[in-house]
Structures are given as C-alpha cells and as structure tokens.
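Each position in the sequence shown, counted from 1, maps to that position plus 836 in this note's numbering. Note that beta-carbon positions come from the ideal geometry of N, C-alpha and C, so glycine has one too. As the structure is a computational prediction, the values presented were derived from the model and not from experiment.
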Amino acid sequence: MTEGAGAQSRGIGGISARAAALLAWSLCALCVALAVANLILALLNEHTLGEIFSSEEGIVIFAIWTVSFSVVGALIASQRPENPIGWIFLADGFFYGLLSAADEYAIYALLTNPGALPLGAEASWLGQWIWAPGLGLSLVFLPLLFPEGHPPSHRWRPVGWLGGLFIGLTVVSSMILLWPERGPALVTGDESPS
C-alpha cells in the first residue's frame, strides 16, 4: 500500500474509513431523529400545520436545515473522512437539530404540559445558546477550509484561531449568563415571569 492510499483510508483522529463512515451515518441518523422530534413536539405543542410550515416560526426550516446539513455531511465524511468539511456539516446539522428540538421540548415541558417531561428548564437554556457553534462553523470554518479541508495558506491560520476563540467566548458567556434565567422566561421571552 502506498503512503497516499494509507493516508486516504484514515479519517479524523486516525480512525479507519469504515469506522468514520459508520460514525458519520450514525450522526446523520441522530440528526434526523432530532428533526423528527422537533416536528412531533411542535404538533404536541398545538402548533397548526400553517404555523409549522410558516417561515416566521421556522419549525420546518430548522428540520430541513438539520436533515440537509447532516446528509451532506455524512456523504462527504463517509467518502473523504480526512476532510473536515463533512464533519463540519454534520456538526452544524447536529447543533441546529439540538436547537430546534430543545426549544420545542422546553415549550412542551414548561408550558404545554408542565412537569410531564424532566429537564424542561435546562432545555430552554440549551436552546438559547446552542446556535452559536453551528453558526460559527458555517460562517468561519466552512469558507476557511473549503474545499480541500485546510486554509488556503498559513497566513489564514490566525483567522481560524480567532474564529474558534470568538465562538468559544460566545458559547461560554451565553451559557453562564443564561443559566440563572433558564425556565419559562427563556421560552416566552418574558423577563419577569409571574
């Protein structure tokens, strides 16, 4: 086996191409499950079909975003596991799947049927900051690493480091600041819940 062929059969972290494909399609299935959960919870939260398909609510838009990004990511990562583009697509689909499912879960657990499901307050908190890593990956790392999976030159590496630092600071600060507010206030947008 030549050195190039051996390098291509290894994915991120040196896992085999077969294991990388299995991981990629498993993550894709998880993302599809999150999109389906989002739609089921939206129906349980008594959203009408018009609301589910409206662009104002964004329910079906997030489901389509989640599924499309995860399928594209799984296709790329299963064929080219060494290229981070597929894994970025998968991560983006996962974060937006979590965002939409957590929001609908929190609405159901805190407002529609209070106390029926555990961790509703935590889901409301998760749904408020989980968008940041997905958006950061899309805006910073997809253009930076496309198409070969590395920056165009070494001069671009600081952009990646600054982008990663900004994403990390946004996520950590949002997590800390929103933790005390978790619960019905984050779901309704009412800062002074009764």
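Taking the alpha-carbon positions, what's the residue i to residue j distance?
i: D1026; j: E882; result: 20 Å
i: L880; j: A855; result: 37 Å
i: G999; j: V976; result: 6 Å
i: L946; j: L863; result: 28 Å
i: N1033; j: P979; result: For the chain, the structure presents residues 837 to 1030; residue 1033 sits outside this window and is missing.
i: L934; j: P994; result: 29 Å
Assuming contact is defined by CB atoms lying nearer than 7 Å, are residue i and residue j in contact in what I supplied?
i: D928; j: L973; result: yes
i: L877; j: Y944; result: yes
i: S906; j: L926; result: yes
Whose C-alpha, out of the options, is nearest the C-alpha of residue i?
i: I1003; options: P969, T1024, L859, I851; result: P969
i: E958; options: Y941, T884, L978; result: Y941
i: I900; options: P917, A871, G922, V908; result: A871
i: V1008; options: L947, W992, W965; result: W965
i: P983; options: P1016, G1019, A913, N949; result: A913
i: F930; options: G963, R916, G956, G951; result: G963
i: A873; options: I895, L859, T884; result: I895
Can you tell me whether residue i is helix, strand or coil according to DSSP?
i: S974; result: helix
i: S989; result: coil
i: F1002; result: helix
i: G840; result: Note that G840 scores 46 on pLDDT, short of 50, meaning its location in the model is unreliable; the coordinates nonetheless yield the value given after this. Helix at G840.
i: P979; result: helix
i: S891; result: coil
i: N874; result: helix
i: L911; result: helix
i: D1026; result: coil
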